[in-house]
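Below you'll find the structure, written out as structure tokens, and then a few comments.
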Amino acid sequence: MSGQTVSMKEPVCLIENDSDGKLRVVRSALDILDQIDQHVVVVSVVGLYRTGKSYLMNKLAGERKAGSSETSHPGSTTIQSKTKGILMWCVPHPEKRDHTLVLLDTEGLGDVEKY
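What follows is the structure in structure tokens.
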């Protein structure tokens, strides 16, 4: 299977928390997935809040802002969680030309802002 890959410059929200606290799929993110016409490799990063999940996702995506040492995905040294819901980042697979890497970054478990 050799088809169209999708290469995103930054992550988008795939699953968001609505105002009632329920999870909702973001249609525009599904539209991006629908554009992929090749094999998909999914990597999901899950764990406690503020433990480097977003940092790992940035490293896997291999993306940086032009002219900066900062990563494209939000993160900081504060205790506040930055990722809300599930973010998705589609990039070409680094070794397999006919594959798209779909990276999923989840909201941290045990987020103090959730309670």
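In our numbering, the protein residues as written are 173 to 287.
Where a beta carbon is used, it is the ideal one built from N, C-alpha and C, also for glycine.
How is the alpha helix (DSSP H) around residue i delimited, first residue to last?
i, result
"Asp203", "199-206"
"Ser216", "Where Ser216 is concerned, there is no enclosing alpha helix (DSSP H), although the beta strand (DSSP E) it sits in stretches over 211-217."
"Leu228", "225-233"
Return the CA-CA distance between residue i and residue j, expressed in angstroms with no decimal places.
i, j, result
"Leu281", "Val274", "21 Å"
"Arg199", "Leu186", "8 Å"
"Gly219", "Asp206", "28 Å"
"Asp277", "Arg269", "23 Å"
"Asp190", "Glu279", "14 Å"
"Pro266", "Asp192", "39 Å"
"Lys231", "Glu188", "23 Å"
"Arg196", "Ala233", "25 Å"
"Met229", "Asp209", "23 Å"
Leaving out five residues on either side along the sequence, give the residues of the same chain with a beta carbon under 8 Å from the beta carbon of residue i.
i, result
"Val184", "Val198, Ser200, Ala201, Ile204, Leu259, Met260, Trp261"
"His256", "In the sequence as presented, His is not what sits at residue 256; that position holds Lys. Once the five neighbours on either side are set aside, the close Cβ partners of Lys256 are Cys185, Glu188, Asn189, Glu279."
Grouping DSSP H, G and I as helix and E and B as strand, with all else coil, what is residue i?
i, result
"Met180", "coil"
"Arg222", "coil"
"Asp277", "strand"
"Glu267", "coil"
For residue i, which residues of its own chain have a beta-carbon under 6 Å away from its beta-carbon, when the five flanking residues on both sides are left out?
i, result
"Val214", "Val274"
"Val217", "Lys225, Leu228, Met229, Asp277"
Only counting the same chain, and skipping five residues up and downstream in sequence, which positions put a Cβ closer than 7 Å to that of residue i?
i, result
"Gly239", "Reliability fails at Gly239, whose pLDDT of 38 lies under 50, so the model's placement of it is uncertain and the value that follows must be treated cautiously. Hits under 7 Å: none found."
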